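See below for the structure under consideration.
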Amino acid sequence: MMLLLSLLAAGVATITEGELLSSMIGVQGLIYCKQGSKLTPLQGAVARVTCERADEYGYEAEDVTVLSQATDAKGYFLATLSSSEVKDYKKLMKIKECRAFLELSPSDTCSFPTEINRGISGAILQNYPRRFISLIDAQLDRKGKVAAKSTVGALEDCKFLASLTMDYLLSSSQTADSTKTLSLSRAEDVHTFLSAAITNEQTCLEGLKSTASENGLPGELFNDTKLYGVSLALFSKGWVPRRQRSRPIWQPQASFKKFFGFRNGRLPLKMTEKARAIYNTVTRRKLLQSDVDAVQVSDIVTVIQNGTGNFTTINAAIAAAPNKTDGSNGYFLIYVTAGLYEEYVDIPKSKRYVMMVGDGINQTVITGNRSVVDGWTTFNSATFILSGPNFIGVNITIRNTAGPTKGQAVALRSGGDLSVFYSCSFEAYQDTLYTHSLRQFYRECDVYGTVDFIFGNAAVVLQSCNLYPRQPRKGQANEVTAQGRTDPNQNTGTAIHGCTIRPADDLATSNYTVKTYLGRPWKEYSRTVVMQTYIDGFLEPTGWNAWSGDFALSTLYYAEYNNTGPGSDTTNRVSWAGYHVINATDASNFTVTNFLVGEGWIGQTGVPFVGGLIA
């Protein structure tokens, strides 16, 4: 993802502002010397990079000089502009021009650098998570047999997250390397992956700090290089197109395509006759016969607890799904019949385009009881873990039954990009629905919980869902959301659109002695929008709760638009600088079409959605 510097024969190269922005981090290069007719990597050479900055008035400020690392055996060097010389990425964005001069090691006799083709490489950025994984492995080797379960769990979470980050950076690098201009959708992909890389790092550090694992780890783990933040800042300025303010799009509630979507339990799926016969038998109902806009299914397997299907457990069915498919042949359909499935479901990143369909809410139930109190990390307490992209979940209940006294206990943790859940129920208490990262959509789902029960740092829209605050542990308040955006350049946030917020039965019978809020800021740039939603009268008039003191109250973005119900009155809402009552134009920025760029990827799932504001 860094510019591969062309060192000219004169030993100097110039990078313009536009090129610097597209390089995102700094200057990376290859230094060769010519020995006879042969090009040989120049090991141990150092490039001095001098960058000119403009001050706040546009005038030239003092130069910033950064020495690269010595070149390795292959001739690679790196000069990071996020080093100690420039820690603030806002200052980096004022860089006008950089020049790199070759400084030869005294032991080298070669002094003639040869021109190298310009390119882009993500190798250096990917070295950071790779090195981090090595450090984690060393810690696990030393502590694995004696450390507390939560400590080992936090380290294993970090290792897993770092492996995901390597994938995101590789994908971003390949995308940026392929062109000098990016379409909106491809720019959104890279923007999303860089945002997720920062989220992964924050999740790891949060887990380490919450356990004893922090004390014995090398300082390197906590010496944040800010590389991902600088990458994201420069990318969002240099590549992501600025969206023009436009008139909002209004659509009726049922604006999805004719024949498209799940209706009356009948799915318009396109599959082979053999697969169709299996489906009709296990569901005891026929598929819609029209192939117009039908969703392609490549194969189908069934999960039936009595042994009459292909599998008796959900994880066994997931293991049978093909790896790293591109979706061209359709979805791998796992049909899970009614039953109580006591297992911890894990869909890894290699399982792409999986569709899981159950017999209905409270019919097909997946349940677990892991919690922080019992030694699990929040990240790994989930009953259902999703990491594979392009997942569709339909007609399933996912529960964590740890209870209100067990602290954080997640039902679903989703980090699967472009994931869709339709007609599902997520039931727990604190931290029910962990929308961890990337892009997610929930339609006509039920979410039950108490403290921060929809939390994380994905770009997520919940549409036409029912949100049910429950009776929490004594002394606790309910917060529907706790959004975790840590960087103002992340394209993340939680949009609650056209939903219903009512008390669950246990809270309703408590005479509302518990205070309930729309959300509180988990991180500094927390972003949540509630729009066109029915809010019952149990909500606190202030609407939103603080996390701690005045933390994030001026940097968060909380907004409401055109909500209804007795709890929607904004007269007595908080007066924080970051809280807003917005108009239709601003609200449209948080719709499926604009916030998720979701017309294409949600449309192909067959799940109904409204792209704009609800007419």
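Under this note's numbering, read the sequence shown as residues 542 to 1156, first letter to last. Each residue gets a CB set at the ideal place from its N, CA and C atoms; glycine is no exception. Everything numeric in this text was worked out from a predicted model, so none of it was measured.
Asked: Any idea what DSSP makes of Gln1012, helix, strand or coil?; Found: coil
Asked: By Cβ distance below 6 angstroms, which residues in the same chain neighbour Ala858 in space, the five residues on each side in sequence not counted?; Found: Val842, Val844, Phe852 and Ile875
Asked: Taking only runs that begin and end inside the segment 1096-1146, name each unbroken beta strand (DSSP E) of 3 or more residues, in chain order.; Found: 1098-1102 and 1120-1122
Asked: Beta-carbon separation of Phe1029 and Phe1079 under 9 angstroms?; Found: Before going on, a small fix: residue 1029 reads as Pro here, not Phe. No, the Cβ-Cβ distance between Pro1029 and Phe1079 is not below 9 angstroms.
Asked: Give the DSSP-derived three-state secondary structure of Val914 in the structure shown.; Found: coil
Asked: What's the C-alpha gap between Pro1082 and Thr1027?; Found: 27 angstroms
Asked: Check the C-beta distance from Gly1147 over to Val1133 and give it rounded, since I have them as a contact under 8 angstroms.; Found: Actually they are not in contact, since the Cβ atoms of Gly1147 and Val1133 sit about 15 angstroms apart, beyond 8 angstroms.
Asked: Going by DSSP, what residues sit across from Glu742 in a beta bridge?; Found: Looking at the DSSP assignment, Glu742 forms no beta bridge with any residue, so it has no partner.
Asked: Sort out for me which residues DSSP pairs Ser960 with in a bridge.; Found: Gln981
Asked: According to DSSP, what are the bridge partners of Arg893?; Found: Arg893 pairs with nothing; no bridge assigned.
Asked: If contacts are defined as beta-carbon pairs under 8 angstroms, then Ser736 and Gln1031 qualify, I think. What distance do you get, rounded to the angstrom?; Found: 4 angstroms
Asked: What does a CB cutoff of less than 6 angstroms around Asp958 pick up in its chain, not counting 5 residues either side in sequence?; Found: Pro930, Leu979 and Arg980
Asked: Out of Ser1005, Thr1074 and Trp1063, state which residue places its alpha-carbon closest to the alpha-carbon of Asp1091.; Found: Trp1063
Asked: So, at 7 angstroms on beta carbons, what are the nonlocal neighbours of Glu985 in its own chain, with the 5 sequence-adjacent residues on each side left out?; Found: Tyr963, Ser964, Ser1005 and Cys1006
Asked: Do Pro789 and Ser1109 have their C-beta atoms closer together than 9 angstroms?; Found: no
Asked: With three or more C-beta pairs closer than 8 angstroms as the rule, is the segment 939-959 touching the segment 909-916?; Found: yes
Asked: Using only CA atoms, which one of Tyr1075, Gln1073 and Gly934 lies nearest to Tyr894?; Found: Gly934
Asked: Near Tyr769, what residues of its chain come up, given a Cβ to Cβ distance below 7 angstroms and the 5 sequence neighbours on each side ignored?; Found: Leu735, Ala738, Ile739 and Glu742
Asked: Within 10 Å of its beta-carbon, does Thr1126 have 16 or more other beta-carbons around it, so buried, or fewer, so exposed?; Found: exposed
Asked: Please classify Val1002: does DSSP put it in a helix, a strand, or coil?; Found: strand
Asked: Between which two residues does the beta strand (DSSP E) containing Leu974 stretch?; Found: Leu974 to Thr976
Asked: Please classify Lys892 as buried or exposed, where buried requires at least 16 neighbouring CB atoms within 10 angstroms.; Found: buried
Asked: Three-state secondary structure (DSSP) at Leu1154?; Found: strand
Asked: Does the beta-carbon distance from Asp972 to Asp993 come in below 9 angstroms?; Found: yes
Asked: What are the boundary residues of the beta strand (DSSP E) that includes Asn941?; Found: Thr938 to Asn941
Asked: Short check: CB of Leu1058 to CB of Gly1084, under 9 angstroms?; Found: Reading off the sequence, residue 1058 comes out as Tyr, not Leu. Going by C-beta atoms, Tyr1058 is nearer than 9 angstroms to Gly1084.
Asked: Return the Cβ separation of Val836 and Pro863 in integer angstroms, given the expectation that the two are a contact with Cβ distance under 8 angstroms.; Found: Not really, about 17 angstroms apart at Cβ, beyond 8 angstroms.
Asked: Count the other CB atoms within 10 Å of the CB of Gln680; is the residue buried (16 or more) or exposed (fewer)?; Found: buried
Asked: Going by the CB atoms, is the gap between Asn1086 and Arg1061 shorter than 9 angstroms?; Found: yes
Asked: What separation, rounded to the nearest whole angstrom, lies between the Cα atoms of Asp900 and Lys700?; Found: 36 angstroms
Asked: Could you say which of Ile995, Pro1107 and Glu1065 lies nearest to Leu1094 if we only look at CA atoms?; Found: Glu1065
Asked: Skipping 5 residues on each side, what residues in its chain have a beta carbon closer than 8 angstroms to that of Thr854?; Found: Val844, Tyr882 and Glu884
Asked: If you draw a straight line from the C-alpha of His1121 to the C-alpha of Thr1096, how long is it?; Found: 12 angstroms
Asked: In the DSSP assignment, the beta strand (DSSP E) including Asn1019 goes from what residue to what residue?; Found: Asn1019 to Gln1024
Asked: On the three-state DSSP scale, how would you describe Lys1160?; Found: Residue 1160 falls outside the range modelled here, since the chain spans only 542 to 1156, and no answer is possible.
Asked: How should Lys750 be labelled, buried or exposed, when 16 other C-beta atoms within 10 angstroms of its C-beta is the threshold for buried?; Found: exposed
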